[in-house]
Amino acid sequence: MLLGLRWTSKAKRLQLVLVEFGTRMQKMTITPMPTENKDWGFWGTARVSEYDVEMTWDTVSKWLADRLNLTALQVRDTLDSRLGRHLCDDLSSIDGGPRSPAVINTHLDRRLSKGNWKRQFQQLAR
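For the sequence shown, position 69 (counting from the first letter as 1) is numbered 401 according to the working numbering, and the numbering increases by one without interruption.
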């Protein structure tokens, strides 16, 4: 079982879902889509926080696609939303900031493994 997000166009919101895979899982590789929300969401928050916006956007996009089994469009919509802003805000708790893809991936993996963060993620995705 793996947590995943599903966009419901009728309700116009993200839903957190459990995705079941067979015995063999493949890593999902995507080409991140550009933001449509440069002022807010993940991109705007990263810019205001003076992060390397393109590096953090690409890293988190690939992480979301891989760990949560999202398409490029779902990733972009998630990062452009309020949830994206919260994900970017969370990167500020990294000692020294989000300075490399490895540091960001490690941080997000740790966060996802914590039950409390999972519950918060579920609430934000509603």
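Every residue gets a Cβ at the ideal spot worked out from N, C-alpha and C, and that includes glycine.
According to DSSP, is residue i helix, strand or coil?
i	result
R379	helix
W372	coil
D427	coil
N401	coil
K495	Within the shown structure, residues of the chain are numbered from 333 to 458, placing residue 495 beyond reach of any answer.
D412	coil
S445	helix
D384	coil
Find the nearest neighbour of residue i within the set the options, judged by alpha-carbon distance.
i	options	result
E386	K370, N401, S424, R414	K370
G373	P430, S413, A434, D441	S413
R442	R417, L423, G428	L423
G428	E382, L411, G416	E382
S425	G416, I436, L415	I436
R417	T388, T363, L400	T388
Which two residues bound the contiguous alpha helix (DSSP H) that contains residue i?
i	result
M365	Unbroken run through M365: none, as it is neither H nor E.
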